[in-house]
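Colleague:
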Amino acid sequence: MPGLPGSTQRLHPRTQAGMASEEEERRKGSGVSLEITWGHGMPLEPNTPTVVNQYGLDPYRDDYTMGERTDDETTLVARLDELLKECGQFQVWREVPGHLMHPMPGQSTAVRIDRLLRPSNALIAQGWKFGVIGIEAKRGGEKVGPALAQMVDYRRSLFSIDGGITLHPSYVLLWPWRGNGGPSWSQCIQQRLGAATPVHPSSAERDPFTGHQVAVRPSDWDGINFRSGDTFAQLRPGRVIISNEQRVLAQGRKTGSR
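Residue numbers (our numbering): 161 to 418.
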């Protein structure tokens, strides 16, 4: 992409060697500087722009949880609890113990999930069809692969609540995550995993380079998107949007061969 004099281009690390040499050749004598910004080892598609924060991470990459590395799990779980309380549509169980129904050889059967959510009758009347939701929370800027592996186990588990009642989550979602449209997302749909994504206030400042909302801290989040594939529900105080359809993802990215 041609740049203006004095401009900065951010290119993906995998394309740095080839594209940088090509650009340098083309720009010799032009007086235009070229700066290459490394993506700090993060796997991006070629030519995908990135904005790297002071910790060397892009907080908007969809293969990492949202937020900064300084946003620890305790803080983000506390904000999740606040949002669930403000929405007022779930009975919430915290740190729920359970056991694997089909453990692998040598695998411990004991598990514990961060949150279980049972929808209210009012939410069911609005069209909620997710059933009981499990939430696994991680700190900001965390690679999502290990968390998704945990969540597969939770989908094969029964959890014990008050009175000896056991619950099996219909979906398990990762908080705070945007989800993605790659192979891992196709597997998420198959396994009924997904993303619990913070809703940003509409007035949030946007980065001019990526279009992402940047001037938003966890304390500014004002709702939650529950999503697996394009089956989703958005809850904000006094507002519910629900879709129970499976469709092709936006921008033409398919969720697999199904």
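Ideal Cβ positions, reconstructed from N, Cα and C, are used throughout, including at glycine.
Should the segment 256-268 be regarded as contacting the segment 312-324, the criterion being three or more beta carbon pairs within less than 8 Å?
Modeller: yes
Colleague: Among Arg-278, Leu-277, Trp-337, Ser-268, which has the Cα closest to the Cα of Asp-313?
Modeller: For the purposes of this step, residue 313 is identified with residue 153 of the sequence shown, where counting begins at 1. Considering only alpha carbons, the answer is Ser-268.
Colleague: Once you ignore the five residues that flank Pro-263 on each side, which residues in its own chain have a CB closer than 6 Å to its CB?
Modeller: In the sequence shown, counting from the first residue as 1, residue 263 sits at position 103. So the qualifying residues of the chain are Thr-269.
Colleague: With a threshold of 7 Å on Cβ separation, who are the neighbours of Leu-243 within its own chain once the five nearest residues in sequence on each side are excluded?
Modeller: The residue you call residue 243 lines up with position 83 of the sequence shown. Only Trp-381, Gly-383, Ile-384 meet the Cβ criterion.
Colleague: So, for Glu-233: in the same chain, excluding its five sequence neighbours on each side, which residues have a beta-carbon less than 8 Å away from its beta-carbon?
Modeller: Within the sequence shown, numbered from 1, the residue matching residue 233 stands at position 73. So the qualifying residues of the chain are Ala-297, Lys-298, Arg-299.
Colleague: Kindly indicate the opening and closing residues of the alpha helix (DSSP H) around Asp-382.
Modeller: The residue labelled residue 382 in the question sits at position 222 within the sequence shown. Premise fails: Asp-382 is in no alpha helix (DSSP H) and is neither H nor E.
Colleague: So Leu-276 and Leu-327 are in contact, right, with Cβ under 8 Å, and what is the actual spacing, rounded?
Modeller: Position 116 of the sequence shown, counted from the first residue, corresponds to residue 276. Position 167 of the sequence shown, counted from the first residue, corresponds to residue 327. Contact holds; Cβ gap of about 6 Å.
Colleague: Contact check, Ile-293 vs Leu-333 under 8 Å by CB: the rounded distance?
Modeller: What you label residue 293 is simply residue 133 of the sequence shown in a count that begins at 1. What you label residue 333 is simply residue 173 of the sequence shown in a count that begins at 1. Right, their Cβ atoms sit about 6 Å apart.
Colleague: So, is Gly-305 buried or exposed, given that buried needs 16 or more other C-beta atoms within 10 angstroms?
Modeller: As a first step, residue 305 must be located in the sequence shown, where it is residue number 145. Exposed is the call here.
Colleague: Measure the alpha-carbon distance for Arg-387 versus Thr-235 and round it to whole angstroms.
Modeller: Within the sequence shown, the letter at position 227 stands for residue 387. Within the sequence shown, the letter at position 75 stands for residue 235. Roughly 22 Å between the two C-alpha positions.
Colleague: For Ser-379, which option in Arg-315, Asp-222, Asp-231, Tyr-224 has the closest C-alpha, if you only look at C-alpha atoms?
Modeller: Your numbering for residue 379 matches position 219 in the sequence shown. Here the closest residue by C-alpha is Asp-231.
Colleague: Could you pull out every residue in the same chain whose Cβ sits closer than 6 Å to the Cβ of Trp-253, ignoring the five residues on either side in sequence?
Modeller: As a first step, residue 253 must be located in the sequence shown, where it is residue number 93. Excluding positions up to five away in sequence, the list reads Leu-276, Ile-321.
Colleague: With a CB to CB cut of under 6 Å and the five nearest residues on each side skipped, what residues in its chain are close to Ala-393?
Modeller: Here residue 393 refers to the residue found at position 233 of the sequence shown. Phe-386, Ile-402.
Colleague: Please identify the residue among Gly-301, Ile-349, Pro-358 whose C-alpha is closest to the C-alpha of Gly-389.
Modeller: In the sequence shown, residue 389 corresponds to position 229, counting from 1. Among Gly-301, Ile-349, Pro-358, the Cα nearest to that of Gly-389 is on Ile-349.
Colleague: Skipping 5 residues on each side, what residues in its chain have a beta carbon closer than 6 Å to that of Arg-239?
Modeller: Translated into the one-based positions of the sequence shown, residue 239 becomes position 79. Closer than 6 Å at Cβ, skipping near neighbours: Pro-378.
Colleague: Are the CB atoms of Ala-356 and Ile-295 nearer to each other than 8 Å?
Modeller: Here residue 356 refers to the residue found at position 196 when the sequence shown is read from its first residue. Here residue 295 refers to the residue found at position 135 when the sequence shown is read from its first residue. The answer is yes: Cβ separation under 8 Å.
Colleague: For Glu-242, name the three-state secondary structure that DSSP assigns.
Modeller: To locate residue 242, count along the sequence shown from 1; it is residue 82. The answer is helix: DSSP assigns Glu-242 an H, G or I state.
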